[in-house]
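See structure below.
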Amino acid sequence: MLDSLITSKTRLRLLVKFFVNHHTQSHLRGLAEEFGESTNAIRKELNNLTQAGVLVKESDKNKISYKANTSHPFYTNIRDIIRKYLGLDKLLEQILERMGEVEQVLLVGDLSRGVDSGKIDVVVVGEDLNQDYIKGLTKRLEDLINRKVVFTLKANRMESSGLVLFDKNIGI
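Read in order, the letters of the sequence shown correspond to residues 564 to 735 in this note's numbering.
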């Protein structure tokens, strides 16, 4: 659906890269290498998104890096649209529905770094989690969001470099 609204695949990949996790920061050559595209194609889209104020450009010596502009008035809207495009809203809703006492839901792996590899790695933390439900949920979610979903269940909270989708203590 979003690919029919945003016709540039490069622009869509950049939005996913920077808006899944606002801590993601990258430079032109790294993006060109990651996406397998020319630096000119990436530069053109980075310039468009920077001129629109959606991305910010930071210089460190002779290296320019880009990241999401979290103070942009549409930042949360764009972030929410990207998360819906990836199916993260449905994933979280399904987990919290009948999983048990969920303490925390973390997005780890490629997607937490803004790389849409078609696979979503999720860590669910809590006590007495419904393991039977998660087995059935995996297939149902994969069909619903057209991505492979891998769940890891843990009993104890963890500090992670991943992205926190839900935290009972913080209220996210």
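Idealized CB from N, CA, C, for every residue including glycine.
In the structure shown, Leu728 adopts extended strand secondary structure according to DSSP, grouped into three states. Distance check between Gly689 and each of Phe714, Thr701, Asp706, Val678 places Phe714 closest, using alpha-carbon atoms only. Contact between the region 568-585 and the region 669-683 is established, with three or more Cβ pairs separated by less than 8 Å. For Val579, the enclosing alpha helix (DSSP H) begins and ends at 572-582.
Under the 8 Å Cβ criterion, the region 681-696 does not count as touching the region 587-601, having fewer than three qualifying pairs. Classified as exposed, Gly699 has fewer than 16 neighbouring CB atoms from the shown chains inside 10 Å of its CB. Across the structure, Asp684 and Gln588 are spaced so that their CA atoms are roughly 21 Å apart.
The alpha-carbon separation between Arg661 and Ile645 amounts to approximately 25 Å.
Counting along the chain, no beta strand (DSSP E) covers Lys698; the unbroken alpha helix (DSSP H) around it starts and ends at 694-708. As the crow flies, the alpha-carbon of Ile605 is around 9 Å from that of Arg592. Non-local beta-carbon contacts of Val668 in its own chain, meaning distances under 7 Å to residues more than five positions away in sequence, involve Leu655, Ile658, Val685, Val687, Leu728, Phe729 in chain order.
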